[in-house]
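In what follows, a single structure is set out as structure tokens and then discussed.
In full-length UniProt numbering, the protein residues as written are 1 to 450.
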């Protein structure tokens, strides 16, 4: 499995270079090696199609003239693939691709390999997937999956034909359709049903190993049958189809299992970083966000009177107050940061650079929004929310976060001391001075509000 994981990690970097190398080797093999019509070589027309598909993959983000050329290239691939399929399916269809029409014009190209049906189907599917990526993502996903299944059947067919004198399938063509299908699946690695197969995490290595086994085991059985048993062409063709369908079903089942495993794993990961009461990030989720994104400021928020609410009306009202506060804070912060529950009645807000410029204004806005939130007590009373705030600027590192949290915690402590003493008629400066030395006047108890 380690080998499979390493192969996955280097594929995005070297896979497309390998596609270009296979095209060059296939054409060289076609021009200089075997003189027979059916060989493992790469047909010139199919090589051109694969080359254009590679160009379209490399120019996914192209604009202007390059985007127009990309569309024309995809149109050419689809047109030639469909034309080849019609030539092989309908006896009376005009022959436009191959040696015969060129010979009628006095041109004798070195076409020593077939443009097979599987190649035409795979190129059409890959072209359709690339053409519909931006506007029709679901169609693109379906075409990508279809190209992968066609490639699976082609691998089975190649295994059955491996010991025959004449090959209807090109080794180079099967390798190219496999690499291009893998590139498409890697591009859609965050989408179903490829997320369980193409994700870079360790839990996906088992899925990749099972997928490889689903392809290789039927191929090995087919190769053994072709080597040890004599069979007519009719029987061989039937077994080729049967083993191809078997492998296709196994690959589809493996993708489904992988997607299921990936979904369950994501649910477990989400549960590990989420607070079950409020559905926002918990402490672990906040620390994960600090390591992932760059935030410029934080605000520690402590709900006032939560202990009093629990003691007076019960913990259900206290839980409702926490849930309402989380909803209000998330709505007010929006896309400018994240909100997490740090523990108990304490929340933490991480802000991006734009929101950090007006830190105190943000605190005032959050305070006003919480004040507008109200709960209905069982006695019929309306209970408004209030909170104390501890803002602090921070650097985008874990050390910077810890330093900022200490400063924000001190600011929050001072703010609560000031607010409670003001309610009892004491001066705010006296409360702050006492809080600095971690001493609170007896007339300002910190455990509950009056």
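C-beta atoms are modelled at their ideal positions from N, C-alpha and C, and glycine is treated no differently.
Note that this is a predicted model, so its numbers are computed, not measured.
Rounded to whole angstroms, what's the CA-CA distance from residue i to residue j? Just pull it up for me.
i           : j           : result
residue 24  : residue 260 : 40 Å
residue 43  : residue 351 : 58 Å
residue 55  : residue 211 : 28 Å
residue 427 : residue 418 : Legend: pLDDT at residue 427 = 48, less than 50; position of this residue unreliable, value from coordinates given subsequently. Approximately 8 Å between the Cα atoms of the pair.
residue 353 : residue 394 : 10 Å
residue 306 : residue 400 : 30 Å
residue 396 : residue 349 : 14 Å
residue 373 : residue 357 : 26 Å
residue 247 : residue 129 : 22 Å
residue 324 : residue 136 : 39 Å
residue 382 : residue 375 : 6 Å
residue 60  : residue 15  : 16 Å
residue 21  : residue 47  : 11 Å
residue 156 : residue 282 : 50 Å
residue 30  : residue 114 : 10 Å
residue 409 : residue 311 : 25 Å
residue 28  : residue 221 : 31 Å
residue 268 : residue 258 : 15 Å
residue 314 : residue 143 : 57 Å
residue 166 : residue 254 : Bear in mind that a pLDDT of 49 at residue 166, under 50, signals an unreliable position, so the number given afterwards is only what the model happens to contain. For residue 166 and residue 254, the distance between alpha carbons rounds to 33 Å.
residue 19  : residue 63  : 24 Å
residue 429 : residue 360 : Any reading at residue 429 is ruled out, since the residue's pLDDT is 46, under 50, leaving its predicted position unreliable.
residue 337 : residue 414 : 25 Å
residue 85  : residue 218 : 27 Å
residue 158 : residue 293 : 48 Å
Say yes only if the C-beta of residue i is nearer than 7 Å to one or more non-hydrogen atoms of the ligand GTP, and no if none qualify.
i           : result
residue 146 : For the structure depicted, the ligand GTP is absent and the ligand set is empty, with no information on it obtainable.
Kindly give me the distance between the Cβ atoms of residue i and residue j, rounded to whole angstroms, as I take these residues to be in contact under 8 Å.
i           : j           : result
residue 251 : residue 214 : 5 Å
residue 319 : residue 277 : 6 Å
residue 145 : residue 193 : 7 Å
residue 26  : residue 170 : 7 Å
residue 195 : residue 262 : 5 Å
residue 317 : residue 392 : So it is not a contact: roughly 31 Å between Cβ atoms.
residue 178 : residue 141 : Not really, about 18 Å apart at Cβ, beyond 8 Å.
Residue j and residue i - do their beta-carbons sit closer together than 8 Å?
i           : j           : result
residue 538 : residue 180 : This structure cannot settle anything about residue 538, because the visible part of the chain is limited to 1 through 450.
residue 190 : residue 57  : no
residue 366 : residue 332 : yes
residue 118 : residue 153 : yes
residue 362 : residue 371 : no
residue 452 : residue 41  : The chain is shown from 1 up to 450; residue 452 falls before or after that span and cannot be answered.
residue 95  : residue 87  : yes
residue 321 : residue 309 : yes
residue 188 : residue 302 : no
residue 148 : residue 185 : yes
residue 32  : residue 176 : no
residue 280 : residue 242 : no
residue 290 : residue 398 : yes
Within the UniProt domain "GGDEF" (294–431), note down every full alpha helix (DSSP H) run reaching 4 residues or more, in order along the chain.
306–313, 315–333, 353–356, 359–372 and 398–423
Taking 8 Å as the threshold, find out whether the region 114–127 comes into contact with the region 74–94 through three or more Cβ pairs.
yes
Are the region 292–303 and the region 405–412 in contact at 8 Å, needing three or more beta carbon pairs?
yes
Determine, using beta-carbon pairs with one atom in the region 383–400 and one in the region 268–281, whether at least three such pairs fall under 8 Å.
no
Quick check for students: name the residue ranges of the alpha helix (DSSP H) that lie wholly in the region 50–83, counting only runs of 4 or more.
none
Do the region 336–345 and the region 281–296 touch if we need at least three Cβ pairs shorter than 8 Å?
yes
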